[in-house]
Structure formats: structure tokens, C-alpha cells
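Numbering (the working numbering), first residue to last: 7 to 86. Okay, structure first, notes after.
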């Protein structure tokens, strides 16, 4: 009797977890376009993000594209 009840609780737990997983997957499928990176807008500066020692630089690529990167010098403790 006890093992029957434990088995029933286990099956219910597995069904609930599977249902939650299915709901999460359905949500991700329906809203997958919202997870895609869409470039555009204003670039944040490192200082606006609280990174005072970081600089924003523009690097030209071979195909003419210009990429904005953030650069910070390595900590003296890590250079050894």
C-alpha cells in the first residue's frame, strides 16, 4: 500500500515536470523571434555601464566593416 502511494506521487511529479518543460518549450517556440539579436540603436559607453577604466574603440575589418569593441588593460596581478 505504501509503495503504491509512493509510485503514484512519483508519477505525478514526473508528469508535472514534463508539463512544465513542454510549456517552457512551447513559449520559446512561439516567441523565438524575440530571442534573436537585432542590431541597432545607441551603443552604451563603458562609463555608462560603470566601467571607468574601459575604453570604447572602433576596429576596421578587412571587408570595410567597422566594429566597436571595449578594451581594458590587463590587471598587473594577472600579467605574470
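The C-beta atom is built at its ideal place from N, Cα and C for all residues, glycine as well. Since the structure is predicted, the reported quantities are computational estimates derived from the model, not experimental observations.
- Linking residue 47 to residue 18 through their CA atoms gives a straight-line distance of about 48 Å.
- Cβ contact annotation for residue 60 (same chain, cutoff 6 Å, sequence separation greater than five): 52, 76 and 78, in chain order.
- With a cutoff of 9 Å on beta-carbon distance, residue 71 and residue 63 are scored as not near each other.
- DSSP, read as helix, strand or coil, puts residue 53 in helix.
- By DSSP's assignment, residue 63 forms a beta bridge with 75.
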